[in-house]
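**Student:** The structure under discussion is supplied below as structure tokens; questions concerning it will follow.
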Amino acid sequence: MSESTQLVIVGVLIAAAAGYVLRSWWKAWFGKSEKGCGAGCGKCAAPPEPEQKGRYSLPQL
113 MSESTQLVIV GVLIAAAAGY VLRSWWKAWF GKSEKGCGAG CGKCAAPPEP EQKGRYSLPQ
173 L
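Number 161 in the numbering used here belongs to position 49 of the sequence shown; there are no gaps in the numbering.
Structure below.
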């Protein structure tokens, strides 16, 4: 491969990486503000776990 071809490929890769970083920055600062933490896991909308009564099992390490 010639040097000019390699330079073009590297330039495209750097531009794509910069675009990705700018897009994530833009979404973080100016994106829609949603309810909850915004992680998208669905845990915020889930009802709280019921309180356990009785014996508690010890965690296994």
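Glycine is no exception: its CB is placed at the ideal position from the N, C-alpha and C atoms. Here the structure is a predicted model, which is why all the values come from computation and not from measurement.
Would you kindly work out how many angstroms separate the C-alpha atoms of Glu-163 and Leu-170, rounded to a whole number?
**Tutor:** Residue 163 sits at position 51 when you count from the first residue of the sequence shown. Residue 170 sits at position 58 when you count from the first residue of the sequence shown. Their backbone Cα atoms lie some 16 Å apart in a straight line.
**Student:** Helix, strand or coil for Gly-123? Go by DSSP, reduced to three states.
**Tutor:** As a first step, residue 123 is located in the sequence shown; it is residue number 11 there, counting from the start. Here Gly-123 sits in helix by DSSP.
**Student:** Could you tell me the alpha carbon to alpha carbon distance between Ala-129 and Gly-123, rounded to whole angstroms?
**Tutor:** Indexing the sequence shown from 1 puts residue 129 at position 17. Indexing the sequence shown from 1 puts residue 123 at position 11. Approximately 10 Å between the Cα atoms of the pair.
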